[in-house]
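Everything on this sheet refers to the single structure shown next.
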Amino acid sequence: MKRARESQGLRPPAFAYEGAISAGRATQLYCEAVPLERLAARHGTPLYVYSAAMIRARVNAFARAFHSIPHTLCYSVKANSTLAILRLLAGEGAGFDVVSGGELQRVLRLRPKAASKPKVVFSGVGKTAAEMELALRSGIMLFNIESASELNLLSATATRLQKRAAIAVRVNPDVSTKTHPYISTGLHQHKFGVPIPEAQALYAQAAKQPYLKVAGVSVHIGSQITDVGTFQEALERLADLVRVLREQGHDIRYIDAGGGLGISYDGAQESFAKQIAAYARAVIAPLRGLKLHLLLEPGRSIVGPAGVLLTRVLYRKTNRRKRFLIVDAAMNDLLRPSLYGAYHEIVPVSRKRRTTETTETEITDVVGPICETGDFFARDRKLPPVSEGDLLAILDVGAYGSVLASNYNTRGRAAEVLVDGTKARVIRRRETLQDQVRLEEL
Ligand code: LLP
């Protein structure tokens with residue numbers, strides 16, 4: 008039977024309402040061909056659900072947008088590091104950007120016997136000698152160096168192991184971004200990178216080390232950036248640096264543009280193809296004629312819109328005139344609203360009327376059960392009337408959702424399901440109390 012697909016879908020084609028409203032039936036939110044109500048009934052809530060098709064589509068959109076320049080997409084593992092998601096991305100040809108030995112070990116687990124070296128770049132301001140050693144032994148593509156002290160430690164570690172490390176210096180281009188201050192990184196007052204004037208000395212120092220190989224320049228200016236002009240500005244500064252370094256005799260082959268491309272959290276549906284094309288133009292323009300291999304480290308823009316968090320309404324509650332929906336997910340499952348005041352759209356999974364017909368709405372907070380006022384997903388949000396027991400979907404949580412989860416209030420971490428067409432499989436089981444106390448001693 009052909010299902011009616013509503014024109015005002017949520018995040019089509021992966022997350023859309025389907026079904027007829029006639030005869031008093033509700034439309035249902037699907038992930039690809041699987042109704043979300045069914046997944047919640049089978050696996051319980053809170054539950055992360057991801058769309059494989061959407062992740063693939065976004066990787067391919069990157070490939071198309073950047074086809075004119077040799078490039079490698081190194082997906083930023085921190086955005087969502089669940090193994091099955093990483094394997095899906097590796098299957099699409101992606102490399103990886105890691106910031107810890109733990110993330111690197113996740114990547115290495117994907118292909119334990121692979122003869123080829125992993126396409127991995129190692130970023131981060133605080134790499135330890137042990138992490139460097141692991142990265143050197145596994146033959147990663149590039150280390151992004153963030154300070155003179157780190158350069159010295161890498162040189163010493165590489166010399167000890169007699170393994171050559173290809174390096175780029177992550178520079179701080181001193182450009183300001185319109186994003187949340189906690190995730191803006193490209194200004195000199197931030198802890199990240201090396202100011203451009205000081206970077207040259209680091210390259211000179213690196214060139215003298217027998218086990219270091221100067222190979223690139225790198226930048227990452229922050230996250231959730233939607234103004235592509237900022238990327239262009241940063242890359243223009245980087246391109247100038249490449250020219251200077253080449254004049255000084257350094258063999259610069261890679262330019263790592265970092266990640267940071269933002270997504271639309273409010274449902275404004277600019278097509279991804281258009282957005283990514285504008286981003287690609289901004290990144291590529293400054294590199295014209297330089298014959299560089301471009302590295303990209305997107306995280307959020309690949310997986311963000313591909314995930315939802317399903318949560319059941321436990322209670323409705325009114326304090327004076329303030330309304331609350333108390334749901335079974337909490338800040339330990341999804342921290343972004345509490346930590347950054349981030350906005351995530353919340354929708355009922357079953358819709359009794361078309362949104363265009365729904366005049367009836369209520370203003371309510373959507374909150375979790377944790378004993379903190381900061382445990383909220385939405386404040387004073389206009390929602391259609393929701394009853395106790397209803398299922399809600401919190402949208403665009405594929406990036407920085409499950410990875411930021413904790414066990415606060417001794418809550419087990421949510422299960423995760425990956426949908427691919429008509430198939431759905433659990434890619435992370437729900438954490439039990441036994442899992443949580445496993446490392447403790449009485
Ligand atoms: N490369 C580096 C060196 C990074 O530090 C990051 C993110 C990325 C790539 C990926 O950036 P993306 O394409 O995902 O914007 N927890 C915050 C975001 C923190 C981003 C940290 N670095 C949030 O929930 O918004």
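Numbers in our numbering are just positions in the sequence shown, counted from 1, shifted up by 7. Glycine included, every Cβ here is placed at the ideal spot set by N, Cα and C.
Are the stretch 437–445 and the stretch 410–418 touching by the rule of at least three beta carbon pairs closer than 8 Å? As far as the Cβ criterion goes, the stretch 437–445 touches the stretch 410–418, which means the pair count is three or higher.
Closer than 6 Å: S271 CB and nearest the ligand LLP heavy atom: It does not: the Cβ of S271 is nowhere closer than 6 Å to a heavy atom of the ligand LLP.
Please tell me whether S162 and L219 are closer than 7 Å, where the distance is taken between their beta carbons. Taking 7 Å as the Cβ cut-off, S162 and L219 qualify as a contacting pair.
Can P355 be considered in contact with the ligand LLP, in the sense that its beta carbon sits closer than 6 Å to one or more heavy atoms? If you check the C-beta of P355 against the ligand LLP, you find no heavy atom less than 6 Å away.
Can you give me the start and stop residues for the beta strand (DSSP E) that E423 sits inside? Its beta strand (DSSP E) spans residues 422–427.
Does at least one heavy atom of the ligand LLP sit under 6 Å from the Cβ of S345? Every heavy atom of the ligand LLP is 6 Å or more from the Cβ of S345, so no.
Within the same chain, show all residues whose beta-carbon is closer than 7 Å to that of R358, passing over the 5 residues directly before and after it, in chain order. Its chain contains Y24, A33, T34 as the residues whose beta carbon lies nearer than 7 Å to that of R358, once the 5 sequence neighbours on both sides are disregarded; these appear in chain order.
Of the residues L43, L117, E304, the one placed nearest G267, counting alpha carbons only: Nearest to G267 by alpha-carbon distance, out of L43, L117, E304, is E304.
Looking at the secondary structure, which residues open and close the alpha helix (DSSP H) in which N67 lies? Residues 59–72.
N- and C-terminal bounds of the alpha helix (DSSP H) containing K281: Looking at the DSSP string, the run of the alpha helix (DSSP H) that includes K281 is 279–291.
Sequence ranges, beta strand (DSSP E) only - wholly within the stretch 206–248, length at least 3: Counting whole runs of 3 or more residues, the stretch 206–248 contains the beta strand (DSSP E) stretches 219–225.
How far does the beta strand (DSSP E) with S83 in it extend, from its first residue to its last? It spans 78–83 - the beta strand (DSSP E) in which S83 sits, taken as one unbroken run.
Cβ pair V310, N87 closer than 7 Å: Yes, they are a contact pair.
Spell out a yes or no on whether the stretch 335–342 and the stretch 370–386 are touching, meaning 3 or more CB-CB pairs, one atom from each, closer than 8 Å. Contact holds: three or more Cβ-Cβ distances are below 8 Å.
Could you tell me which of Q212, S156, E423 sits nearest to G256, measuring between CA atoms? Checking every option, the nearest Cα to that of G256 belongs to Q212.
Check whether the Cβ of E304 sits closer than 6 Å to any heavy atom of the ligand LLP, and report yes or no. E304 Cβ: within cutoff of the ligand LLP.
Under a three-way DSSP split, which group does R45 fall into? If DSSP states are grouped into helix, strand and coil, R45 belongs with the helices.
What's the call for P355, buried or exposed, on a 16-neighbour Cβ count within 10 Å? P355 is buried by the Cβ-count criterion.
Run the proximity test for A40: is its beta-carbon closer than 6 Å to any non-hydrogen atom belonging to the ligand LLP? Within 6 Å of the C-beta of A40 there is not a single heavy atom belonging to the ligand LLP.
L317 and A48 - do their beta-carbons sit closer together than 7 Å? Pairing A48 with L317 gives a Cβ-Cβ distance that is not under 7 Å.
Shortest alpha-carbon distance to D427 belongs to which of Q112, L95, G274, L398? Ranking Q112, L95, G274, L398 by Cα distance to D427 puts L95 first.
Using a Cβ-Cβ cutoff of less than 6 Å, which residues in the same chain neighbour R18 once the five nearest sequence positions on both sides are dropped? Apart from sequence neighbours up to five positions away, the residues of its chain that approach R18 with a beta-carbon distance below 6 Å are P312, ordered along the chain.
By Cβ distance below 7 Å, which residues in the same chain neighbour V114 in space, the five residues on each side in sequence not counted? Excluding sequence neighbours, V114 sits near V84, L93, F103, V105, P125, V127.
Check whether the stretch 281–290 and the stretch 199–212 are in contact - that is, three or more C-beta pairs closer than 8 Å. The stretch 281–290 vs the stretch 199–212: no contact.
Drop a sphere of 10 angstroms on the beta-carbon of K430, count the other beta-carbons inside from all chains shown, and report buried for 16 or more, exposed for fewer. K430 should be labelled exposed.
Cutoff 8 Å; reference V249; Cβ partners in own chain excluding five residues on either side: Correct list, in chain order: V224, I259, I262, L297, L299.
Given a threshold of 16 other Cβ atoms within 10 Å of its Cβ, counted over all protein chains shown, does Y407 qualify as buried or as exposed? Buried, because 16 or more other Cβ atoms sit within 10 Å of the Cβ of Y407.
With the cut-off set at 7 Å, would you say E423 and I434 are in Cβ contact? Going by C-beta atoms, E423 is nearer than 7 Å to I434.
Where does A172 sit, in a helix, a strand or coil, going by DSSP? Strand.
May I ask whether a heavy atom of the ligand LLP can be found less than 6 Å away from the beta carbon of H78? No; taking the cut-off as 6 Å, the Cβ of H78 has no heavy atom of the ligand LLP nearer than that.
Helix, strand or coil: which one does DSSP assign to N416? N416: helix per DSSP, three-state reduction.
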